[in-house]
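Input: a single structure, listed below in C-alpha coordinates.
Numbering (full-length UniProt numbering), first residue to last: 1 to 223.
Structure (C-alpha coordinates):
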(Lines of atoms letter the chains of each structure in order from A and count residues from 1; the text may use other names and numbers.)
(Lines give C-alpha, C1' and ligand atoms only; values in the text may rest on other atoms or scores of the structure.)
Protein backbone atom coordinates (compact mmCIF):
# COMPACT_ATOMS: atom_id res chain seq x y z
CA UNK A 1 0.00 0.00 0.00
CA UNK A 2 1.39 3.38 -1.02
CA UNK A 3 1.44 5.96 1.74
CA UNK A 4 2.06 9.57 0.76
CA UNK A 5 2.77 12.32 3.23
CA UNK A 6 2.17 15.98 2.55
CA UNK A 7 3.71 18.55 4.85
CA UNK A 8 0.99 20.80 6.26
CA UNK A 9 2.40 24.33 6.28
CA UNK A 10 -0.89 25.73 7.50
CA UNK A 11 -0.74 23.49 10.60
CA UNK A 12 2.89 24.47 11.14
CA UNK A 13 2.19 28.20 11.14
CA UNK A 14 -0.98 27.70 13.17
CA UNK A 15 1.17 26.33 16.00
CA UNK A 16 3.32 29.47 16.23
CA UNK A 17 1.13 31.51 18.62
CA UNK A 18 1.11 28.62 21.07
CA UNK A 19 4.84 27.91 20.70
CA UNK A 20 5.79 31.55 21.16
CA UNK A 21 4.42 31.36 24.71
CA UNK A 22 7.41 29.16 25.54
CA UNK A 23 10.06 31.65 24.40
CA UNK A 24 9.93 33.82 27.57
CA UNK A 25 10.54 30.71 29.69
CA UNK A 26 13.37 29.58 27.42
CA UNK A 27 15.05 32.98 27.60
CA UNK A 28 14.43 33.39 31.34
CA UNK A 29 15.94 30.00 32.16
CA UNK A 30 18.92 30.37 29.84
CA UNK A 31 19.88 33.98 30.53
CA UNK A 32 18.87 33.89 34.20
CA UNK A 33 20.96 30.77 34.68
CA UNK A 34 23.84 32.25 32.68
CA UNK A 35 23.87 35.43 34.78
CA UNK A 36 24.19 33.38 37.97
CA UNK A 37 26.59 30.98 36.24
CA UNK A 38 28.81 33.91 35.26
CA UNK A 39 29.17 34.95 38.90
CA UNK A 40 29.87 31.34 39.86
CA UNK A 41 32.36 31.10 37.02
CA UNK A 42 34.28 34.19 38.13
CA UNK A 43 34.51 32.87 41.68
CA UNK A 44 35.59 29.33 40.85
CA UNK A 45 37.69 30.40 37.89
CA UNK A 46 39.81 32.61 40.15
CA UNK A 47 39.91 29.95 42.87
CA UNK A 48 41.04 27.48 40.19
CA UNK A 49 44.26 29.47 39.66
CA UNK A 50 44.79 30.28 43.32
CA UNK A 51 48.19 29.27 44.73
CA UNK A 52 46.38 28.17 47.91
CA UNK A 53 45.73 24.45 47.66
CA UNK A 54 42.67 24.32 49.93
CA UNK A 55 41.00 26.92 47.70
CA UNK A 56 42.09 25.40 44.40
CA UNK A 57 41.08 21.77 45.08
CA UNK A 58 37.36 22.44 45.81
CA UNK A 59 37.20 24.59 42.68
CA UNK A 60 38.69 21.80 40.57
CA UNK A 61 36.25 19.31 42.10
CA UNK A 62 33.24 21.53 41.31
CA UNK A 63 34.38 22.12 37.72
CA UNK A 64 35.06 18.45 36.99
CA UNK A 65 31.83 17.22 38.58
CA UNK A 66 29.52 19.58 36.71
CA UNK A 67 31.39 19.39 33.43
CA UNK A 68 31.51 15.62 33.66
CA UNK A 69 27.80 14.97 34.28
CA UNK A 70 24.89 15.68 31.87
CA UNK A 71 22.78 18.76 32.49
CA UNK A 72 19.67 16.53 32.29
CA UNK A 73 20.90 14.48 35.26
CA UNK A 74 21.68 17.69 37.13
CA UNK A 75 18.20 19.15 36.66
CA UNK A 76 16.57 15.84 37.64
CA UNK A 77 18.71 15.75 40.79
CA UNK A 78 17.76 19.33 41.65
CA UNK A 79 14.04 18.88 40.93
CA UNK A 80 13.50 15.39 42.34
CA UNK A 81 16.48 14.76 44.61
CA UNK A 82 16.99 18.01 46.52
CA UNK A 83 13.39 18.16 47.81
CA UNK A 84 14.08 14.98 49.78
CA UNK A 85 16.98 16.77 51.47
CA UNK A 86 15.27 20.14 51.87
CA UNK A 87 11.92 18.70 52.90
CA UNK A 88 9.89 20.65 50.36
CA UNK A 89 9.26 20.85 46.62
CA UNK A 90 11.32 22.99 44.23
CA UNK A 91 9.59 25.01 41.53
CA UNK A 92 10.33 23.61 38.05
CA UNK A 93 11.38 27.03 36.73
CA UNK A 94 13.75 27.54 39.66
CA UNK A 95 15.18 24.05 39.11
CA UNK A 96 15.82 24.85 35.44
CA UNK A 97 17.58 28.12 36.23
CA UNK A 98 19.65 26.42 38.94
CA UNK A 99 20.69 23.62 36.57
CA UNK A 100 21.83 26.08 33.89
CA UNK A 101 23.61 28.13 36.57
CA UNK A 102 25.69 25.31 38.05
CA UNK A 103 26.37 23.69 34.67
CA UNK A 104 27.35 26.86 32.82
CA UNK A 105 29.25 28.04 35.90
CA UNK A 106 31.60 25.08 35.60
CA UNK A 107 32.35 25.84 31.95
CA UNK A 108 32.60 29.58 32.55
CA UNK A 109 35.12 28.89 35.34
CA UNK A 110 37.46 27.43 32.73
CA UNK A 111 36.77 30.35 30.38
CA UNK A 112 37.68 32.78 33.17
CA UNK A 113 40.80 30.81 34.04
CA UNK A 114 41.94 30.74 30.43
CA UNK A 115 41.19 34.43 29.91
CA UNK A 116 43.11 35.56 32.98
CA UNK A 117 46.07 33.28 32.30
CA UNK A 118 46.25 34.48 28.69
CA UNK A 119 47.38 37.93 29.83
CA UNK A 120 51.16 38.19 29.64
CA UNK A 121 52.96 37.95 32.97
CA UNK A 122 54.97 41.08 32.07
CA UNK A 123 51.85 43.22 32.33
CA UNK A 124 51.29 42.07 35.89
CA UNK A 125 54.90 42.79 36.80
CA UNK A 126 54.82 46.19 35.10
CA UNK A 127 51.68 47.27 36.95
CA UNK A 128 53.15 46.19 40.28
CA UNK A 129 56.35 48.10 39.54
CA UNK A 130 54.25 51.23 38.93
CA UNK A 131 52.95 51.02 42.48
CA UNK A 132 49.61 49.29 41.94
CA UNK A 133 48.53 46.68 44.46
CA UNK A 134 47.75 43.15 43.28
CA UNK A 135 44.03 43.88 43.54
CA UNK A 136 44.37 47.12 41.59
CA UNK A 137 46.54 45.39 39.00
CA UNK A 138 43.90 42.72 38.49
CA UNK A 139 41.01 45.20 38.45
CA UNK A 140 42.45 47.82 36.11
CA UNK A 141 44.98 45.92 33.97
CA UNK A 142 44.32 42.17 33.87
CA UNK A 143 40.53 41.81 34.08
CA UNK A 144 39.52 44.33 31.35
CA UNK A 145 41.81 42.64 28.83
CA UNK A 146 40.88 39.12 29.93
CA UNK A 147 37.16 39.88 29.76
CA UNK A 148 37.41 41.01 26.13
CA UNK A 149 39.03 37.69 25.28
CA UNK A 150 36.34 35.80 27.17
CA UNK A 151 33.38 37.24 25.26
CA UNK A 152 33.45 34.84 22.25
CA UNK A 153 33.56 31.65 24.36
CA UNK A 154 30.98 33.15 26.73
CA UNK A 155 28.74 33.69 23.72
CA UNK A 156 29.23 30.08 22.68
CA UNK A 157 28.32 28.96 26.18
CA UNK A 158 25.19 31.08 25.95
CA UNK A 159 24.15 29.28 22.77
CA UNK A 160 24.77 25.90 24.41
CA UNK A 161 22.69 26.87 27.45
CA UNK A 162 19.80 28.05 25.28
CA UNK A 163 19.72 24.66 23.58
CA UNK A 164 20.06 22.85 26.93
CA UNK A 165 16.74 24.33 28.06
CA UNK A 166 15.03 21.96 25.62
CA UNK A 167 15.81 19.13 28.06
CA UNK A 168 13.78 20.71 30.85
CA UNK A 169 10.46 19.66 29.37
CA UNK A 170 10.98 16.48 31.42
CA UNK A 171 10.21 18.43 34.61
CA UNK A 172 7.27 20.31 33.10
CA UNK A 173 8.82 23.72 32.45
CA UNK A 174 6.72 25.47 29.82
CA UNK A 175 9.60 26.26 27.45
CA UNK A 176 9.59 25.75 23.68
CA UNK A 177 9.79 21.96 23.58
CA UNK A 178 7.18 21.55 26.31
CA UNK A 179 4.83 23.88 24.46
CA UNK A 180 5.39 21.80 21.35
CA UNK A 181 4.61 18.57 23.20
CA UNK A 182 1.36 19.98 24.59
CA UNK A 183 0.31 21.23 21.17
CA UNK A 184 1.12 17.92 19.47
CA UNK A 185 -0.97 16.05 22.05
CA UNK A 186 -4.08 17.78 20.71
CA UNK A 187 -3.26 18.12 16.98
CA UNK A 188 -0.92 15.13 16.30
CA UNK A 189 1.08 17.30 13.86
CA UNK A 190 4.45 16.24 15.26
CA UNK A 191 6.58 16.90 12.18
CA UNK A 192 5.17 20.36 11.56
CA UNK A 193 5.32 21.44 15.19
CA UNK A 194 8.83 20.18 15.90
CA UNK A 195 10.06 21.86 12.72
CA UNK A 196 8.71 25.18 13.99
CA UNK A 197 10.30 24.52 17.40
CA UNK A 198 13.65 23.92 15.70
CA UNK A 199 13.30 27.09 13.62
CA UNK A 200 12.52 29.16 16.71
CA UNK A 201 15.61 27.82 18.50
CA UNK A 202 17.63 28.54 15.36
CA UNK A 203 16.32 32.11 15.25
CA UNK A 204 17.37 32.71 18.86
CA UNK A 205 20.84 31.20 18.52
CA UNK A 206 21.54 32.88 15.16
CA UNK A 207 20.59 36.24 16.67
CA UNK A 208 23.11 35.72 19.45
CA UNK A 209 25.76 34.58 16.97
CA UNK A 210 25.12 37.66 14.82
CA UNK A 211 25.51 39.94 17.85
CA UNK A 212 28.84 38.31 18.71
CA UNK A 213 30.14 38.68 15.15
CA UNK A 214 29.09 42.33 15.19
CA UNK A 215 31.12 42.90 18.35
CA UNK A 216 34.11 41.17 16.78
CA UNK A 217 33.92 43.32 13.63
CA UNK A 218 33.86 46.45 15.78
CA UNK A 219 36.94 45.23 17.64
CA UNK A 220 35.20 45.10 20.99
CA UNK A 221 36.22 41.50 21.69
CA UNK A 222 39.33 39.41 21.28
CA UNK A 223 42.87 40.64 21.44
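Heads up, the beta-carbon is just placed ideally off N, CA and C, and yes, glycines get one too.
Would you give the residue range spanned by the alpha helix (DSSP H) that residue i belongs to?
i, result
"residue 10", "9-14"
"residue 147", "143-164"
"residue 86", "82-86"
"residue 178", "176-187"
In this structure, how does DSSP classify residue i when only helix, strand and coil are distinguished?
i, result
"residue 51", "coil"
"residue 5", "coil"
"residue 171", "helix"
"residue 206", "helix"
"residue 119", "coil"
"residue 26", "helix"
"residue 133", "coil"
"residue 90", "coil"
"residue 70", "coil"
Would a C-beta distance cut-off of 8 Å place residue i and residue j closer than the cut-off?
i, j, result
"residue 283", "residue 177", "Nothing can be reported for residue 283, as the shown portion of the chain is limited to 1 through 223."
"residue 96", "residue 182", "no"
"residue 108", "residue 41", "yes"
"residue 46", "residue 112", "yes"
"residue 30", "residue 100", "yes"
"residue 48", "residue 59", "yes"
"residue 241", "residue 106", "No answer is possible for residue 241: it lies beyond the span of the chain, which begins at 1 and ends at 223."
"residue 146", "residue 184", "no"
"residue 192", "residue 12", "yes"
"residue 77", "residue 90", "no"
"residue 149", "residue 115", "yes"
"residue 179", "residue 38", "no"
"residue 137", "residue 124", "yes"
"residue 23", "residue 199", "no"
- Task: Decide yes or no for the touch test of the segment 161-168 against the segment 25-36: beta carbon pairs closer than 8 Å, at least 3 of them.
- Result: Short answer: they touch.
- Message: Does the structure place the segment 132-148 close enough to the segment 59-74 that three or more beta carbon pairs sit under 8 Å?
- Response: With a cut-off of 8 Å, the segment 132-148 and the segment 59-74 do not count as touching, because too few Cβ pairs lie within range.
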